[in-house]
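Below is one structure, written out as C-alpha cells; the observations come after it.
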Amino acid sequence: MRKRVIKDMMNRKILLRSRPQGWPTDENFEFQEAPLPQPGEGQVLIRAIYLSVDPYMRGRMSAAKSYVEPYRIGEVIEGGGVGEVIESRSDKFQPGDKVLGMLGWQLYGVADADKLRKIDEQTAPLSAYLGVIGMTGLTAYFGLMDIGRPKAGETVVVSGAAGAVGSIVGQIAKIQGARVVGIAGSDDKTAWLTEQLGFDAAINYRTTPNLKDALEKECPQGVDVYFDNVGGDITDAVIGQLNDHARIALCGSISAYNDSEGKDIGPRVLVKLIKTRSLMKGFVLGDYADRLPEGAKMLGQWLSEGKLKYEETVIEGFDRIPEALLELFKGTNIGKMLVKVG
Ligand code: NDP
-8 MRKRVIKDMM NRKILLRSRP QGWPTDENFE FQEAPLPQPG EGQVLIRAIY
42 LSVDPYMRGR MSAAKSYVEP YRIGEVIEGG GVGEVIESRS DKFQPGDKVL
92 GMLGWQLYGV ADADKLRKID EQTAPLSAYL GVIGMTGLTA YFGLMDIGRP
142 KAGETVVVSG AAGAVGSIVG QIAKIQGARV VGIAGSDDKT AWLTEQLGFD
192 AAINYRTTPN LKDALEKECP QGVDVYFDNV GGDITDAVIG QLNDHARIAL
242 CGSISAYNDS EGKDIGPRVL VKLIKTRSLM KGFVLGDYAD RLPEGAKMLG
292 QWLSEGKLKY EETVIEGFDR IPEALLELFK GTNIGKMLVK VG
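Letter by letter, the sequence shown follows residues -8 to 333 in our numbering.
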C-alpha cells in the first residue's frame, strides 16, 4: 500500500537553465516535475525537509574554474540538505531515519547510502546540521583556529559577521579570549552581535561614513586576525589596520560573486603584508576533511555549554529556493539561511 502511494507522488526539482550574468534571475532556473526516482541497490530515497542555500552556489552557476566543478546546465542544482529516508535498499538506513547529504534542490532524491550521514534530532534540531554544527560552523572553526589562531588579548575582526559563518567565528574568537569586532550590514545585526553574541564592538558598514576611522576607534590596539567573508572595500579597510604578524583567513568574497569577471579590483595590499610580515591564506572546508570530527566535537561541546548561540533565517516553500539564495546577497538573513520544504 505504502509503495503505491510513493509511486503516485511526483517529484519537484529546480534545474540550472542558464548561467547568470551578474545577479541570478528567474530566467536562470527551471522548475520541473518528474516521477519519484527509484533507489538502486545500496541507495535510499529521501524526502527533503530543509535545503541549504549558500553563497558558493553562485560561483558554481558560472563556468569559471574553481575548487569545485561548475553546475551543469539542465541538471538539478546540487546543495546540502537534511531529509527523511522514505525507502531504503541499504543495510545502513531504515525508513524514518533522518540524514544529511547533498540532496540538491529537489523534494525527493536518491542517494548512495555511503554518501549520507545519519543525524539525530535528539542531539540537535535538524536544521543545525546545516549550520552551526554543519558546513558553516565547521568553516568558522577551521578557518579561525587553523589560520587565524587567535590568542587571548588579541583583536579579531570578522566581516559578514552576522551571517552563518561570521557569527560563529566571532563567538569562537571570544572563547579564545580575544577582543572581537564584527562588520555587518544593518543596525539590527550589529545590535545582535554585541547584545546577544558578546562581540566587543560591531560596525554597520552601510551607514558608517568612514570605515577606516571606525576600525581605528574599535580596534585601538590594531588588528591581529582578520576573518574575511566579503572581500572588496571592507577588506581593503581592515588590511590597513593590521598589526605585525597578523593572520588573514580568506574564507569568502561575497561582495564580488555577482560582478562580471575581472571587475573586482582594489588597492594593492602586498607592501602592507610585507611590512607587517602578515600571513594571508585562502581555504575551503574540504581541506579539513580528515579533521571534521574534531571540529564537530568542539562545536557540539561549546553549544551544549551555552558558549555558542546561533540564529537561522528560515524561508518556507520549495518555490522560494532561488529567492532565498538571492536574499543572501541582499543581506536579509541573520545567521544561517535555510529553506524548509518538508
Ligand atoms: P552568510 O550567512 O554570511 O550570508 C551572506 C551575507 O553576506 C549576507 O547576510 C550579507 O550580510 C553579506 N553580504 C552580501 N553581500 C555583501 C556585500 N556586497 N558586501 C558585504 N557583505 C555582503 O553566508 P555564509 O555564512 O554561508 O558565507 C559567508 C562567506 O563565507 C561567503 O563569502 C561564503 O562564500 C564563504 N564560505 C566559504 C566557505 C569555505 O569553505 N571557504 C564555506 C562556507 C562559506 P550584510 O547584511 O552584513 O551585508
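Virtual Cβ for every residue (Gly too), placed ideally from N, Cα, C.
Where DSSP assigns a beta bridge to residue i, which residues make up the other side?
{"i": "ALA175", "result": "ASN195"}
{"i": "THR335", "result": "No answer is possible for residue 335: the residues shown for the chain start at -8 and end at 333."}
{"i": "ALA304", "result": "First, the residue type needs correcting, since residue 304 is Thr and not Ala in the sequence shown. THR304 is bridged to MET328."}
{"i": "MET1", "result": "PRO26"}
{"i": "LYS272", "result": "ALA240"}
{"i": "TYR62", "result": "BP columns for TYR62 are empty, so no partner."}
{"i": "ILE37", "result": "VAL76 and GLY100"}
{"i": "TYR217", "result": "VAL148 and ILE239"}
{"i": "GLY154", "result": "GLY326"}
Rounded to a whole number of angstroms, what is the C-alpha to C-alpha distance between residue i and residue j?
{"i": "GLY13", "j": "GLY50", "result": "11 Å"}
{"i": "LEU290", "j": "VAL123", "result": "7 Å"}
{"i": "ASP310", "j": "LYS300", "result": "29 Å"}
{"i": "LYS109", "j": "ALA39", "result": "14 Å"}
{"i": "GLU296", "j": "GLY333", "result": "30 Å"}
{"i": "THR130", "j": "LEU276", "result": "5 Å"}
{"i": "ARG(-5)", "j": "SER79", "result": "A caution first: ARG(-5) carries a pLDDT of 45, below 50, which makes its placement in the model unreliable, though a value can still be read off. Straight-line Cα distance between these residues: approximately 15 Å."}
{"i": "LEU188", "j": "GLU32", "result": "47 Å"}
{"i": "ASP17", "j": "LEU7", "result": "10 Å"}
{"i": "SER158", "j": "ILE306", "result": "19 Å"}
{"i": "GLU145", "j": "GLU69", "result": "39 Å"}
{"i": "LEU184", "j": "ALA153", "result": "7 Å"}
{"i": "GLY326", "j": "ALA119", "result": "11 Å"}
{"i": "ALA155", "j": "TYR99", "result": "26 Å"}
{"i": "ARG15", "j": "ALA102", "result": "The sequence shown places Pro at residue 15, rather than the Arg named in the question. Going from the Cα of PRO15 to the Cα of ALA102 covers about 28 Å."}
{"i": "ALA55", "j": "PRO61", "result": "7 Å"}
{"i": "ALA164", "j": "LEU241", "result": "16 Å"}
{"i": "ILE265", "j": "MET271", "result": "11 Å"}
{"i": "LEU294", "j": "GLY72", "result": "21 Å"}
{"i": "GLY92", "j": "PRO30", "result": "15 Å"}
{"i": "GLY273", "j": "TYR58", "result": "11 Å"}
Find out if the Cβ-Cβ distance for the pair residue i, residue j is shorter than 8 Å.
{"i": "THR199", "j": "ALA205", "result": "yes"}
{"i": "GLY213", "j": "LEU233", "result": "yes"}
{"i": "VAL67", "j": "GLN97", "result": "yes"}
{"i": "SER150", "j": "THR267", "result": "no"}
{"i": "PHE133", "j": "ALA104", "result": "no"}
{"i": "LEU329", "j": "LEU121", "result": "yes"}
{"i": "SER244", "j": "VAL216", "result": "no"}
{"i": "ASN195", "j": "GLY176", "result": "yes"}
{"i": "LEU107", "j": "TYR41", "result": "no"}
{"i": "LYS298", "j": "ILE166", "result": "yes"}
{"i": "ASP255", "j": "ILE239", "result": "no"}
{"i": "VAL44", "j": "LEU316", "result": "yes"}
{"i": "VAL76", "j": "ILE138", "result": "no"}
{"i": "VAL160", "j": "ASP191", "result": "no"}
Contact criterion: CB-CB distance below 8 Å. Does residue i meet it with respect to chain C?
{"i": "PRO46", "result": "Structure shown: chain C not included; a single protein chain is present."}
In the DSSP assignment, find the alpha helix (DSSP H) that holds residue i and state where it starts and stops.
{"i": "ASP204", "result": "202 to 209"}
{"i": "LYS266", "result": "261 to 267"}
{"i": "VAL229", "result": "223 to 230"}
{"i": "LYS288", "result": "283 to 295"}
What is the residue span of the beta strand (DSSP E) that residue i lies within?
{"i": "LEU316", "result": "From DSSP, LEU316 is part of no beta strand (DSSP E) but of the alpha helix (DSSP H) over 312 to 321."}
{"i": "TYR47", "result": "Looking at the DSSP string, TYR47 is not in any beta strand (DSSP E); the run it does join, the alpha helix (DSSP H), is 47 to 52."}
{"i": "VAL67", "result": "Counting along the chain, VAL67 falls outside any beta strand (DSSP E), and DSSP gives it neither H nor E."}
{"i": "TYR248", "result": "Here TYR248 belongs to no beta strand (DSSP E), and DSSP marks it neither H nor E."}
{"i": "VAL44", "result": "VAL44 -> no beta strand (DSSP E), and no H or E assigned at all."}
{"i": "PHE309", "result": "Note, PHE309: premise wrong, no beta strand (DSSP E); not H, not E."}
Q: Enumerate, from N- to C-terminal direction, the unbroken beta strand (DSSP E) stretches of 3 or more residues contained entirely within the region 73 to 138.
A: 89 to 92, 99 to 103 and 108 to 110
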